[in-house]
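What follows is one structure encoded as structure tokens, with my remarks underneath.
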Ligand code: PEP
Ligand code: MN
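Numbering (our numbering), first residue to last: 68 to 409.
Below is the structure:
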């Protein structure tokens, strides 16, 4: 069950409804970061008289029964949609948000050059991994805290907010001290202790879909973060594993319009990991925007062939600039929504 409060409902009114529900033995979770407060309620069965009783309380806009496994992440909880604000960047707002940069931070020179180049190409946020989940233990694992320091320096130099991956609960505090957005990678989408930990920090979370995760599993991972108190979640479709090794993953663009129906959270697309091939990135980036994505995260740097990680799927700043221009044009003809800032 979801209880939607009116936008003008006071914190006291919201707490009174939550207290009433708790006194009846329900577990409640509040979504209060932006727009009208929402109360997600666990516990079955819900008695028939409860809805009308709650509607009579001050500030209550409506009560919805939902059979979905997730509540706070459900579109019904915030039908108007959510905008996640990072500095001046609004993910889920009227402009498509393009995030770009190297897969991994390798050196000061590499990162600063890449940051300037992606900013000049029109990207509005910088990506770069400091802690990398590598399939092989012998591959470069990232620079750790030094990589985070370099990202902070690149933000100083360019004004671009930065997003970087966090892999384990013990790293959250450190990554949050440097990065504007915490990325949870595909391999950690179901790392529940990590989801609980990031639910307690004051940083937006870019939650990538596990490459073998269903849509419901992905949205339930988002629900962990919302239920823990952080409603600034950005979903990212980055490809699922299919039977066909012709591409690295299969970018599931069905997920974009479907997730927009099912959830109020903004959704972006990663055409780099979704294809694994530089020559397919532009087409799938634009297809993602055409499908309704609120933005893209793309691996791009001046010398992609020299990259220590994911070079074959990384693109040049020239191609990025072309994608940015065409993504804006396509986004303008895809119906925008009027979302509220979380
Ligand atoms: C990445 O963004 O570099 C990355 C490791 O992505 P994913 O978790 O989607 O594989
Ligand atoms: Mn990568």
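All C-beta atoms in this analysis are idealised placements derived from N, C-alpha and C, irrespective of residue type, glycine included.
- Contact between the region 353-363 and the region 168-177 is not established, with fewer than three Cβ pairs separated by less than 8 Å.
- Setting aside the 5 residues that flank it on each side, residue 308 is surrounded in the same chain by 278, 279, 316, 317, each with a C-beta closer than 8 Å to its C-beta; the list follows chain order.
- Listed by position in the chain, the residues whose beta carbon lies within less than 5 Å of some heavy atom of ligand 2 are 170, 377.
- Boundaries cannot be given for residue 199, as no alpha helix (DSSP H) includes it and DSSP labels it neither H nor E.
- For ligand 1, a non-hydrogen atom lies closer than 7 Å to the CB of residue 305.
- If you draw a 10 Å sphere on the C-beta of residue 231, you find 16 or more other C-beta atoms in it, and that means buried.
- In the DSSP annotation of this structure, the continuous segment of the beta strand (DSSP E) that includes residue 366 starts and ends at 362-366.
- Selection 217, 285, 383 evaluated against residue 173 yields 217 as nearest (Cα-Cα).
- Between residue 303 and residue 335 a beta carbon distance of about 5 Å is seen, short of the 8 Å cut, so the two are scored as contacting.
- About 15 Å separates the Cβ atoms of residue 397 and residue 348, ruling out a contact at the 8 Å cut-off.
- The DSSP-derived three-state label of residue 129 is strand.
- For a cut-off of 8 Å, the C-beta gap from residue 95 to residue 124 is around 13 Å, too long to register as a contact.
- Excluding the 5 residues flanking it on each side, residue 266 has same chain C-beta neighbours closer than 6 Å at 292, 295, 296, 297, in chain order.
- For residue 229, the enclosing beta strand (DSSP E) has its first and last residue at 229-232.
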